[in-house]
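Q: According to the working numbering, the sequence shown holds residues 12 to 448 in order. Glycine included, every Cβ here is placed at the ideal spot set by N, Cα and C. Supplied in structure tokens, the structure appears directly below.
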Amino acid sequence: MKNKLLIMVMLLGLLCTACSSGTVSNEPRYTLPDNRVSLDTTSKKTDNDANVAVPADAPVQPSENTEEWKTPQQAEENNTLSQKGAYILDRVAAQQICEKYTAVAAQAAVIRDGEVVGSYNFGLADAAKNTAVETDTKFRVASLTKLVTAIVCMQLVDQGKLKLDEDISTYYGFTVRSPYFADVPITLRMIMTHTASLADGVVFNNALNNSQIPVKTVLLDRSSFSSAKPGTVHNYSNIDYAVVGSICETVCGKNFDTLAKELLFEPLGLGCSYHAAGVADASKIALLYDGDATVVNEAKATFSSVVGQTMYITQGNLIASATDYAQILCLLLNGGLTSDGIRLLSEESAKTVSSVLYEDSAYKVGFGCFIQDNVITGKTVFTHTGSAYGMYSAYAADLSGKDGVVVLTTGASGTKDAPTEIYNVDLEMIRLLWPTD
């Protein structure tokens with residue numbers, strides 16, 4: 012009898028253990044190789060990595076795989092990035108944020124006093140190949156693209172080829188009007204502040220499905236206009252920045268990627284592109300992992316063969332690294348000057364981009380950015396987020412202090428912080444990395 016009771020107790024204990032093990036799951040959303048590189052890639056540290064000792068009170072979140080994944084290696088501090096000394100990152104805390112939001116990859120760059128002082132890389136650019144993210148790994152940055160499109164547009168304004176308050180019909184050679192307000196001209200200023208009354212819908216969804224719809228067709232069809240009077244209501248729209256790119260192409264006779272390279276990327280020494288085929292080394296482009304663990308092929312987006320008619324590129328298809336993007340932010344923070352003192356943008360235009368150009372009860376809007384005072388305590392920053400197929404990105408930059416942070420992630424949770432409307436994974440990284448004295 013005692014033996015039977017003992018057996019029953021043992022069986023009951025095993026059953027309870029099995030049940031409890033099934034009630035909570037901390038499994039990542041992706042099946043990564045057991046020999047994957049750690050989120051902390053200090054063993055492949057580049058000149059752009061800076062690290063400090065692990066704080067004694069910073070516990071590392073447990074993981075199901077290798078010890079290397081659990082415990083990041085401590086590396087020596089590297090101060091080669093800047094004469095001011097590289098910004099210091101609490102790498103363990105950054106790793107915990109990555110794991111908290113199940114990021115497959117993350118990349119960040121820090122700006123201090125108008126200069127990039129730190130670049131940090133975590134996780135896998137290609138999970139199947141166990142390829143680590145490195146400083147020159149590039150990501151599709153999604154809607155962070157809009158700021159860069161606005162900068163190129165403002166370079167053309169500086170050249171006198173475009174005017175912010177000109178009727179855009181002048182550039183196209185046909186009349187562009189809302190069907191509800193036929194007497195109200197639509198301007199670049201309206202389009203770049205999302206107040207032109209253009210709205211995403213069926214037409215733009217077709218473009219997202221890789222059916223290139225000519226911009227001229229969209230504007231003449233007029234079905235993408237809302238009933239709001241142009242210039243009066245902010246309505247965030249991807250189509251707006253497709254139109255911006257189209258106008259720039261039309262007045263210059265070149266596709267936008269060529270324009271951006273000539274006016275911005277090459278003078279800054281950046282290997283960015285608005286489409287994958289324009290990146291010199293395609294192997295440096297990170298894969299994007301969406302919520303279903305599928306991989307996005309970045310090569311699908313192409314420019315229209317007809318200049319001025321591309322629909323799906325200039326609003327969200329820029330491919331860049333976090334450091335690349337930070338260098339572009341530095342151009343704004345330094346009043347349009349490169350680090351070598353070359354002027355690529357007038358001081359007035361650089362300031363205009365990140366100024367409040369439209370304001371309502373909910374938003375303060377610049378060109379390709381929003382101005383907020385709830386991201387970093389005591390700071391007013393210009394910022395934007397991006398999302399596309401598992402990419403969650405954000406930047407924040409302070410014009411007065413010339414500081415900023417860029418964060419790019421893929422495969423992470425897309426939950427948002429309600430007050431700031433910034434993805435939590437990006438917001439926590441931005442706040443962790445923000446330069447302080």
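Can the beta-carbon of Y300 be found less than 7 angstroms from the beta-carbon of G171?
A: Looking up residue 300 in the sequence shown gives position 289. Looking up residue 171 in the sequence shown gives position 160. No.
Q: Whose CA, out of G425, G282 and A138, lies closest to the CA of Q338?
A: The residue labelled residue 338 in the question sits at position 327 within the sequence shown. Nearest C-alpha to Q338: G282.
Q: If you measure between the beta carbons of H286 and Y247, is that distance less than 7 angstroms?
A: To locate residue 286, count along the sequence shown from 1; it is residue 275. To locate residue 247, count along the sequence shown from 1; it is residue 236. The answer is no: Cβ separation not under 7 angstroms.
Q: Between the Cα of Y400 and the Cα atoms of M165, V306 and T146, which residue gives the shortest distance?
A: In the sequence shown, residue 400 corresponds to position 389, counting from 1. Minimum Cα distance to Y400 is reached at V306.
Q: Quick one: measure Cβ to Cβ for I367 and I387, integer angstroms, because I've assumed they're closer than 8 angstroms.
A: Looking up residue 367 in the sequence shown gives position 356. Looking up residue 387 in the sequence shown gives position 376. Here the sequence assigns Val to residue 367, which means Ile is not the residue at that position. Contact flag wrong, Cβ pair sits at about 17 angstroms.
Q: Please state whether DSSP places V255 in a helix, a strand or coil.
A: As a position in the sequence shown, residue 255 is number 244, starting the count at 1. Three-state DSSP puts V255 in a helix.
Q: Would L340 and F150 be called neighbours here (beta carbons separated by less than 7 angstroms)?
A: Within the sequence shown, numbered from 1, the residue matching residue 340 stands at position 329. Within the sequence shown, numbered from 1, the residue matching residue 150 stands at position 139. Not a contact, by the Cβ cut-off of 7 angstroms.
Q: Could you check whether I330 and S284 sit closer than 7 angstroms to each other, using their CB atoms as the reference points?
A: Stepping through the sequence shown from its first residue, residue 284 is reached at position 273. Stepping through the sequence shown from its first residue, residue 330 is reached at position 319. A contact, by the Cβ cut-off of 7 angstroms.
Q: Give the secondary structure of E432 by DSSP, where H, G and I count as helix, E and B as strand, and everything else as coil.
A: In the sequence shown, counting from the first residue as 1, residue 432 sits at position 421. DSSP places E432 in coil when its eight states are reduced to three.
Q: Given that a residue counts as buried once 16 or more other Cβ atoms are within 10 Å of its Cβ, and exposed if not, what is D194?
A: As a position in the sequence shown, residue 194 is number 183, starting the count at 1. Looking at its Cβ environment, which holds fewer than 16 other Cβ atoms inside 10 Å, D194 is exposed.
Q: Can you give me the Cβ contacts of I458 inside the same chain, cut-off strictly under 7 angstroms, excluding the 5 residues immediately before and after it?
A: Any property of residue 458 remains undetermined from this structure, which presents the chain solely from 12 to 448.
Q: Which whole-angstrom value describes the C-beta separation of D384 and H245, a residue pair presumed to lie in contact below a C-beta threshold of 8 angstroms?
A: Within the sequence shown, residue 384 is the residue found at index 373, counting from 1. Within the sequence shown, residue 245 is the residue found at index 234, counting from 1. Between H245 and D384 the Cβ distance is about 18 angstroms, and since that is not below 8 angstroms, they are no contact.
Q: Let me check understanding here. Comparing Cα to Cα, which of A361, I353, N345 and Q326 lies closest to S154?
A: Within the sequence shown, residue 154 is the residue found at index 143, counting from 1. When each option's Cα is compared against that of S154, the closest is Q326.
Q: What's the C-alpha gap between R188 and I202?
A: As a first step, residue 188 must be located in the sequence shown, where it is residue number 177. As a first step, residue 202 must be located in the sequence shown, where it is residue number 191. If I take the Cα positions, the gap works out to 13 angstroms.
Q: Contact defined as beta carbons within less than 8 angstroms: I believe S360 pairs with V152. What is the distance between those atoms, to the nearest angstrom?
A: The sequence position of residue 360 within the sequence shown is 349, counting from 1. The sequence position of residue 152 within the sequence shown is 141, counting from 1. Not really, about 22 angstroms apart at Cβ, beyond 8 angstroms.
Q: So V436 and Y403 are supposed to be a Cβ contact under 8 angstroms. How far apart are they, rounded?
A: Here residue 436 refers to the residue found at position 425 when the sequence shown is read from its first residue. Here residue 403 refers to the residue found at position 392 when the sequence shown is read from its first residue. At roughly 6 angstroms, the Cβ-Cβ gap stays under 8 angstroms, so V436 and Y403 are in contact.
Q: Any idea what DSSP makes of T363, helix, strand or coil?
A: Mapped onto the sequence shown, residue 363 falls at position 352. DSSP places T363 in helix when its eight states are reduced to three.
Q: Could you tell me how far apart the beta carbons of M440 and A116 are, in whole angstroms, since I believe they sit closer than 8 angstroms?
A: To locate residue 440, count along the sequence shown from 1; it is residue 429. To locate residue 116, count along the sequence shown from 1; it is residue 105. No, M440 and A116 are not in contact; Cβ-Cβ is about 13 angstroms, not under 8 angstroms.
Q: Can you confirm whether the segment 316-323 touches the segment 112-129 when touching is taken to mean that 3 or more C-beta pairs between the two stretches lie within less than 8 angstroms?
A: As far as the Cβ criterion goes, the segment 112-129 does not touch the segment 316-323, which means the pair count is below three.
Q: Assuming G125 and N345 are in contact, meaning their beta carbons sit under 8 angstroms apart, how far apart are those beta carbons, in whole angstroms?
A: The residue labelled residue 125 in the question sits at position 114 within the sequence shown. The residue labelled residue 345 in the question sits at position 334 within the sequence shown. Confirmed, Cβ separation roughly 5 angstroms.
Q: In terms of residue numbering, what span does the beta strand (DSSP E) encompassing L135 cover?
A: As a first step, residue 135 must be located in the sequence shown, where it is residue number 124. Taken as a continuous stretch (DSSP letters only), the beta strand (DSSP E) holding L135 covers E126 to D137.
Q: Determine the direct distance from the alpha carbon of N132 to that of N37, and round the result to whole angstroms.
A: What you label residue 37 is simply residue 26 of the sequence shown in a count that begins at 1. What you label residue 132 is simply residue 121 of the sequence shown in a count that begins at 1. Because the pLDDT at N37 is just 34, under 50, the model does not fix this residue reliably, and the point stays unresolved.
Q: Less than 7 angstroms between the C-beta atoms of T396 and Y434, yes or no?
A: Position 385 of the sequence shown, counting from 1, holds the residue named residue 396. Position 423 of the sequence shown, counting from 1, holds the residue named residue 434. The answer is yes: Cβ separation under 7 angstroms.
Q: Can you list the alpha helix (DSSP H) stretches of 4 or more residues lying completely in the segment 202-254, in chain order?
A: Whole alpha helix (DSSP H) segments, 4+ residues: 213-219 and 226-232.
Q: Measure the alpha-carbon distance for L457 versus T198 and round it to whole angstroms.
A: No information on residue 457 is available, as it lies outside the stretch 12 to 448 that the chain covers here.
Q: Can you have a look at L157 and say buried or exposed, based on whether 16 or more other CB atoms are within 10 angstroms of its CB?
A: Within the sequence shown, the letter at position 146 stands for residue 157. According to the sequence as given, residue 157 is Lys; it is not Leu. K157 comes out buried.
Q: Using DSSP with H/G/I as helix, E/B as strand and the rest coil, what is I108?
A: On the sequence shown, residue 108 is found 97 positions in, with the first residue counted as 1. I108 falls in the helix class under three-state DSSP.
Q: Please list, in chain order, all residues of the same chain as E251 whose beta carbon is under 8 angstroms from its beta carbon, the five residues on each side excluded.
A: Counting from 1 along the sequence shown, the entry for residue 251 is found at position 240. At residue 251 the sequence reads Asp, which differs from the Glu that was named. Cβ neighbours of D251 beyond the five flanking positions: I202, M203, H205, A207, L209 and Q326.
Q: Please work out which residues of its chain come closer than 7 angstroms, Cβ to Cβ, to V392, disregarding the five sequence neighbours upstream and downstream, and give them in chain order.
A: The count along the sequence shown starts at 1 and reaches residue 392 at position 381. Same-chain partners within the cutoff: Q383, V386, A407, A408 and D409.
Q: Is G256 closer than 7 angstroms to D267 when the C-beta atoms are compared?
A: Position 256 of the sequence shown, counted from the first residue, corresponds to residue 267. Position 245 of the sequence shown, counted from the first residue, corresponds to residue 256. Before going on, a small fix: residue 267 reads as Phe here, not Asp. Taking 7 angstroms as the Cβ cut-off, F267 and G256 qualify as a contacting pair.
Q: Roughly how many whole angstroms lie between the Cα atoms of S234 and G242?
A: Here residue 234 corresponds to residue number 223 of the sequence shown, with the count starting at 1. Here residue 242 corresponds to residue number 231 of the sequence shown, with the count starting at 1. Approximately 18 angstroms between the Cα atoms of the pair.
Q: Give a yes or no on whether the C-beta atoms belonging to S424 and T142 are separated by under 7 angstroms.
A: Position 413 of the sequence shown, counted from the first residue, corresponds to residue 424. Position 131 of the sequence shown, counted from the first residue, corresponds to residue 142. Not a contact, by the Cβ cut-off of 7 angstroms.
Q: Three-state secondary structure (DSSP) at R442?
A: Residue mapping note: residue 442 aligns to position 431 of the sequence shown, counting from 1. Here R442 sits in helix by DSSP.
Q: Using beta-carbon positions only, say whether R102 and P446 come within less than 7 angstroms of one another.
A: Within the sequence shown, residue 102 is the residue found at index 91, counting from 1. Within the sequence shown, residue 446 is the residue found at index 435, counting from 1. No, the Cβ-Cβ distance between R102 and P446 is not below 7 angstroms.
Q: In terms of residues, what are the limits of the alpha helix (DSSP H) holding F393?
A: In the sequence shown, counting from the first residue as 1, residue 393 sits at position 382. Run containing F393: none in the alpha helix (DSSP H); it sits in the beta strand (DSSP E), V392 to A399.
Q: For D178, tell me which candidate among R200, I162, K427 and A218 has the shortest Cα-Cα distance.
A: To locate residue 178, count along the sequence shown from 1; it is residue 167. Ranking R200, I162, K427 and A218 by Cα distance to D178 puts R200 first.
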